[in-house]
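Trainee: This is the structure, below, for whatever I ask next.
Residue numbers (this note's numbering): 2 to 309.
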């Protein structure tokens, strides 16, 4: 059993600070000081604002080009990593063309600077939680705001994210499952919590075996990917063995594990990227990029389980 959630602990910060000189394509850490919670921004995207818990929160919204207000649309929330900017991250983890072809509304929320770097707080308040930002409440308010302005299918709200954004997706599955139909995490981990979802939860996990920030095998602070897979298999009552496949792409072996036939037909799916680092992966599996893998998995489910 790992430690209870201690956000912004020394280990996490020391590893992430060491990345501050890395490429900013991910929108993570590099140029973090150019964004604040008052709305200063460095990107060209149209930014919307929402006041929650006395903070002006920002998000980048993308509406599919053929939007028709008479039709209900799924909603995809995509969360940047620790220190990230939504306006950079939208290009790094780009789902806009997919939103056009598959007809879903897409939003990239912006984390706050409460603890010095933009981040997501995926847990409830506690003495161990070093972040005082109510991000769970912010996401709930954001969904409510978007659904008042657009025709959103509230049974098909999905959350995905990279690194700390993947943590946020897991946190929503744990603490706001009444709002979330399914989640996907790329290079993220799930934090310990006594709270469990109120319905079976489809989960997609994409992670590299050489992740130097959130190790695949875990450490003293964070659970291993196998532990997280086992948690969701058990929670969803999946007793079948995995369907397994692998593919070698430019020398990288990607292993695919699919655990099916859980309660309400939900699945747990895992892409193990051998030699993969702490990134939003740009390699393709069977011709599908990361964004497509996420959508193809999540779109099979609504909040009631597998869609008939």
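From the three backbone atoms N, C-alpha and C, an ideal C-beta is built for every residue, glycine too. Values in this document were obtained by computation on a predicted structure and should not be read as measured data.
Leaving out five residues before and five after residue 170 in sequence, what residues of the same chain have Cβ atoms less than 6 Å from its Cβ?
Mentor: 160, 161, 162, 184 and 186
Trainee: Who are the near neighbours of residue 211 in its chain, counting only those whose CB is closer than 7 Å to its CB and skipping five residues on each side?
Mentor: Only 276, 277 and 278 meet the Cβ criterion.
Trainee: Alpha carbon to alpha carbon, how far is residue 85 from residue 164?
Mentor: 10 Å
Trainee: Taking residue 181 as the reference, which of 51, 53, 305 and 309 has the closest Cα?
Mentor: Of the listed residues, the one whose Cα sits closest to residue 181 is 305.
Trainee: Per DSSP, which residues does residue 295 bridge with? Please list them.
Mentor: Partner residues in a beta bridge of residue 295, as assigned by DSSP, do not exist.
Trainee: Do you know how far the Cα of residue 224 is from the Cα of residue 104?
Mentor: Between residue 104 and residue 224, the C-alpha separation is close to 35 Å.
Trainee: By DSSP's criteria, residue 183 is part of a beta bridge. Which residues make up the other side?
Mentor: 159
Trainee: With H, G and I counted as helix, E and B as strand and the rest as coil, what does DSSP make of residue 86?
Mentor: Looking at residue 86 - three-state DSSP - the assignment turns out to be coil, as it is neither helix nor strand.
Trainee: Which residue wins for smallest C-alpha separation from residue 196, given the options 298, 107, 123 and 203?
Mentor: Among 298, 107, 123 and 203, the Cα nearest to that of residue 196 is on 123.
Trainee: When the Cα of residue 193 is compared with those of 219, 179, 201 and 207, which residue comes out closest?
Mentor: 219
Trainee: Checking the sheet assignment: what are the DSSP bridge partners for residue 71?
Mentor: Partner(s): none; residue 71 has no beta bridge.
Trainee: Please give the ranges of any alpha helix (DSSP H) in the segment 219–288, keeping only runs that are unbroken, at least 4 residues long and fully inside the region.
Mentor: 226–236
Trainee: Please state whether DSSP places residue 304 in a helix, a strand or coil.
Mentor: coil
Trainee: On the CB-based measure, 16 or more other CB atoms within 10 Å of its CB, does residue 273 come out buried or exposed?
Mentor: By the C-beta density criterion, residue 273 is buried, having at least 16 other C-beta atoms within 10 angstroms.
Trainee: May I ask you to verify whether the segment 60–76 touches the segment 139–153, counting CB pairs closer than 8 Å and requiring at least 3?
Mentor: yes
Trainee: Does DSSP classify residue 118 as helix, strand or coil?
Mentor: coil
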